[in-house]
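Q: Below: one structure in structure tokens.
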């Protein structure tokens, strides 16, 4: 996706490959845009379900221990919160990538690697919490 004058300039010394790998293809950018929008829809639904559930639980007088007692071993809540974590783990790194590119000018492979590591970390931390709630392990 490098402009043709730059391709001619760097054609013989291998820098062309480095420049081409530093930017993602248009197709990949479109896929990231779609993943961002899809994960936003999932997140919106998950946040609403989570907030309504918490408000109803608190209004019903349930304590934190009672809420945990109801979630432990419940496969439906496990699936719901796993989906929630997956949506966050997709949505946040793509958004961070865009913010870093637009505000700081950070683009290329290093930025993609950084936000990918951030997404993996979010997924691991989130799944750790899901398993702790589902299985009752104290962390």
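In my numbering, the protein residues as written are 5 to 143.
We treat Cβ as the ideally placed atom computed from N, Cα and C, and that holds for glycine.
On a predicted model such as this, the values are computed, not experimentally measured, just so you know.
Three-state secondary structure (DSSP) at residue 110?
A: Coil, per DSSP.
Q: Using a Cβ-Cβ cutoff of less than 8 Å, which residues in the same chain neighbour residue 126 once the five nearest sequence positions on both sides are dropped?
A: Result list for residue 126: 89, 92, 93, 96 and 97, in chain order.
Q: Please report the straight-line C-alpha distance between residue 38 and residue 120, rounded to a whole angstrom.
A: Going by the C-alpha atoms only, they are around 17 Å apart.
Q: According to the Cβ coordinates, are residue 72 and residue 137 closer than 8 Å?
A: Result yes, Cβ atoms of residue 72 and residue 137 sit closer than 8 Å.
Q: From residue 83 to residue 107, what does the alpha carbon distance come to, in whole angstroms?
A: Answer to the nearest angstrom: the Cα atoms are 36 Å apart.
Q: Using the C-alpha atoms, what's the distance from residue 32 back to residue 133?
A: Distance between the alpha carbons of residue 133 and residue 32: 31 Å.
Q: Using alpha carbons as the reference points, say which of 76, 55 and 99 lies closest to residue 139.
A: Taking only the C-alpha atoms, the option nearest residue 139 is 76.
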